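The structure under discussion appears below in the form of structure tokens.
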RNA sequence: CGGGAUGUGGCUCAGCUUGGUAGAGCGCUGUGUUCGGAACGCAGAGGUCGCAGGUUCAAAUCCUGUCAUCCCGACCA
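Residue numbers (my numbering): 2 to 500.
Here's what the structure looks like:
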């Protein structure tokens with residue numbers, strides 16, 4: 002068994018709490034490579050569950066999976082001006098294809114004779130290689146739409162990294178679609194946005210705001226960007242997914258045209274959309290507590306842990322037997338179950354161990370319970386313990402999965418509501434973002450200009466997280482005056498300090 | 001890329017001022033007693049003190065250089 006020391010509380014040091022929790026809950030570890038993390042089996046199992054749910058949604062909406070290269074020729078990158086601007090500063094570049102012994106000392110050096118004619122970029126995102134390919138595939142409106150997703154790793158060379166939230170390499174899915182019309186691409190980007198919302202809320206139990214990014218925050222090269230935004234327990238926003246309507250920008254850059262039914266040559270409309278392992282960070286920050294991780298049952302790699310007790314062989318035979326029996330019954334209900342039979346650990350140590358790892362339900366089976374024909378069930382999210390008749394334990398443990406899934410969502414939703422405020426003056430606005438940590442979601446009027454957005458950001462570190470697609474309150478859609486400039490504003494937008 | 005700090009068993013750190021046989025807690029291995037919220041005893045394993053030079057009879061300790069990491073700023077899914 003690994004390290005079982007405690008972690009700081011959220012109140013003591015939220016940032017440290019997160020870092021320690023991610024490691025001690027066995028989600029991830031730092032690696033020998035700067036900025037890159039190792040995703041441990043427990044964390045990866047969580048990611049696999051996320052992938053499965055998302056992949057099913059993509060398939061159900063007509064998408065198929067494919068795979069495009071990790072390396073992208075530098076010249077491809079130079080074709081779309083805004084795209085270059087957005088990503089050039091954080092690209093890893095491959096310049097050689099061979100190493101040789103260093104003639105001037107120990108070790109190896111890139112072989113000067115093996116320099117690539119054209120450098121390759123390690124993909125920070127795949128629009129360019131994909132649109133280069135789509136241009137070959139698309140001739141006619143009959144070839145459209147193309148609805149492809151890929152599960153891949155990407156590299157964005159970040160100055161400062163944080164486990165799951167921002168690392169140089171991360172795992173994600175990126176969908177890339179091609180359409181005959183603007184409206185069809187628009188429908189596509191909104192369809193995916195709805196998948197993301199549904200996944201965040203129904204699977205992760207994380208309530209999200211659904212909205213449009215401002216010009217300043219949109220994807221480099223997009224016509225417009227939609228997003229889902231979650232709130233962490235330290236009251237910061239975290240972007241959990243984005244869906245971009247790319248317009249015809251990439252089609253023009255890669256000369257991707259199709260012949261319409263009327264025989265006219267037209268540029269293709271594009272979308273792209275993605276969610277990453279950052280979702281794991283958002284999940285941790287939304288639900289977990291000072292004892293460790295709290296997982297939503299629908300994504301948990303393990304649903305129930307059973308801790309049998311007993312100091313002598315005879316007692317252990319009894320409790321272990323009952324535990325094994327309960328486990329197989331629970332498995333028959335489709336739950337993943339573990340009986341913790343380690344004999345060097347005390348029951349208390351096992352409770353803490355599994356609580357740190359976020360397992361939704363624990364069943365304690367001790368000799369006193371068996372004498373009374375009961376077992377104790379503890380739920381991870383509230384810590385509540387209940388004594389249940391042995392013949393009702395399985396039904397209750399199954400029932401609790403749904404209850405916990407719903408309760409953690411409701412709790413997170415109540416927290417977000419309690420930390421969403423409307424302000425109308427600059428004094429109120431700055432007061433909301435005063436001090437360390439976040440200030441929750443602040444809903445305020447904005448004059449719609451990038452200049453004002455930048456000035457607000459410079460003054461408060463808060464940025465526009467989104468312009469909600471549906472007003473959070475009916476009055477948010479009423480005109481007003483910008484909180485910063487006093488100029489007319491059509492509607493309120495959501496500000497927050499972001500991860 | 002600017003400002004600050006730190007590098008000593010797996011982890012957290014002491015030792016450095018004033019040079020003299022490398023330490024503690026946790027974790028790890030074995031073993032016995034334990035077992036209802038982080039059990040205890042006994043016996044063990046494990047460190048070129050970031051790296052390279054220098055001073056010295058002698059360097060974790062003093063000097064120079066270098067590398068790496070962390071924190072604070074500018075950039076970010």
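Here a beta-carbon is modelled for each residue, glycine too, at the ideal position from N, C-alpha and C. The structure presented is a predicted model; accordingly, all values stated were derived computationally and were not measured.
{"Asked": "By the 10 Å Cβ neighbour count, where 16 or more other Cβ atoms means buried, how is residue 18 classified, buried or exposed?", "Found": "buried"}
{"Asked": "If you reduce the DSSP assignment to three classes, tell me which class residue 175 lands in.", "Found": "strand"}
{"Asked": "Can you tell me whether residue 110 is buried or exposed, with buried defined as 16 or more other CB within 10 angstroms of its CB?", "Found": "exposed"}
{"Asked": "For residue 76, count neighbouring Cβ atoms within 10 angstroms of its own Cβ and tell me buried if that reaches 16, exposed if not.", "Found": "exposed"}
{"Asked": "Can you tell me whether DSSP reads residue 4 as helix, strand or coil?", "Found": "Any reading at residue 4 must be qualified, since the residue scores a pLDDT of 35, below 50, and its modelled position is unreliable; the value itself is stated next. Here residue 4 sits in coil by DSSP."}
{"Asked": "Could you tell me if residue 407 is buried or exposed, where buried requires 16 or more neighbouring beta carbons within 10 angstroms of its beta carbon?", "Found": "exposed"}
{"Asked": "Check each candidate in 236, 30, 158, 404 and name the one with the smallest Cα separation from residue 170.", "Found": "158"}
{"Asked": "If we ignore side chains and look at the alpha-carbon of each, how far apart do residue 376 and residue 366 end up?", "Found": "5 Å"}
{"Asked": "Hey, could you find the ends of the alpha helix (DSSP H) residue 87 is sitting in?", "Found": "82 to 88"}
{"Asked": "State the start and end residues of the unbroken beta strand (DSSP E) segment that holds residue 75.", "Found": "Counting along the chain, residue 75 falls outside any beta strand (DSSP E), though it belongs to the alpha helix (DSSP H) covering 75 to 78."}
{"Asked": "For residue 374, is the classification buried or exposed, using 16 other Cβ atoms within 10 angstroms of its Cβ as the cut-off for buried?", "Found": "exposed"}
{"Asked": "Between residue 200 and residue 71, which are expected to be in contact by the criterion C-beta below 8 Å, what is the C-beta distance as a whole number of angstroms?", "Found": "Their Cβ separation, rounded to whole angstroms, is 26 Å, which puts residue 200 and residue 71 out of contact at 8 Å."}
{"Asked": "Can you tell which of 209, 239, 426 has the C-alpha that lies nearest to the C-alpha of residue 411?", "Found": "209"}
{"Asked": "When the distance is taken between beta carbons, is residue 26 closer than 9 Å to residue 359?", "Found": "yes"}
{"Asked": "I need the DSSP call for residue 98, collapsed to helix, strand or coil.", "Found": "coil"}
{"Asked": "In whole angstroms, give me the CA-to-CA distance for residue 493 and residue 478.", "Found": "6 Å"}
{"Asked": "How big is the Cα-Cα spacing for residue 421 and residue 476?", "Found": "14 Å"}
{"Asked": "Ordered along the chain, which non-local residues of its own chain (more than five positions away) have a Cβ less than 8 Å from that of residue 58?", "Found": "196, 199, 200"}
{"Asked": "Relative to the alpha-carbon of residue 217, which residue among 473, 451, 499, 470 has its alpha-carbon at the smallest distance?", "Found": "451"}
{"Asked": "Distance, Cα to Cα, residue 153 vs residue 248?", "Found": "24 Å"}
{"Asked": "I need the straight-line Cα distance from residue 65 to residue 425, nearest angstrom please.", "Found": "47 Å"}
{"Asked": "Are the beta-carbon atoms belonging to residue 237 and residue 436 less than 9 Å from one another?", "Found": "no"}
{"Asked": "At a cut-off of 8 Å, would you count residue 175 as near the ligand COA, judging by its Cβ distance to the nearest heavy atom?", "Found": "Inclusion of the ligand COA in the displayed structure is not the case, the ligand content being empty and no account of it being possible."}
{"Asked": "Would you call the CB atoms of residue 224 and residue 250 closer than 9 Å?", "Found": "yes"}
{"Asked": "So, at 8 Å on beta carbons, what are the nonlocal neighbours of residue 300 in its own chain, with the 5 sequence-adjacent residues on each side left out?", "Found": "47, 50, 51, 54, 204, 205, 284"}
{"Asked": "Residue 498 and residue 434 - do their beta-carbons sit closer together than 9 Å?", "Found": "yes"}
{"Asked": "Out of curiosity, what's the CA-to-CA distance linking residue 215 and residue 383?", "Found": "38 Å"}
{"Asked": "How is residue 259 classed by DSSP in three states: helix, strand or coil?", "Found": "strand"}
{"Asked": "Mapping the DSSP letters down to three states, classify residue 421 as helix, strand or coil.", "Found": "strand"}
{"Asked": "Return the chain-ordered list of same chain residues with a C-beta closer than 6 Å to the C-beta of residue 466, the five sequence neighbours on each side being excluded.", "Found": "230, 238, 495, 497"}
{"Asked": "For residue 42, count neighbouring Cβ atoms within 10 angstroms of its own Cβ and tell me buried if that reaches 16, exposed if not.", "Found": "exposed"}
{"Asked": "Do residue 288 and residue 337 have their C-beta atoms closer together than 9 Å?", "Found": "no"}
{"Asked": "In this structure, how does DSSP classify residue 105 when only helix, strand and coil are distinguished?", "Found": "coil"}
{"Asked": "What separation, rounded to the nearest whole angstrom, lies between the Cα atoms of residue 167 and residue 227?", "Found": "20 Å"}
{"Asked": "Starting from residue 271 and walking both ways along the beta strand (DSSP E), at which residues does that stretch end?", "Found": "270 to 277"}
{"Asked": "Closest by CA to residue 100, which one among 213, 91, 113?", "Found": "113"}
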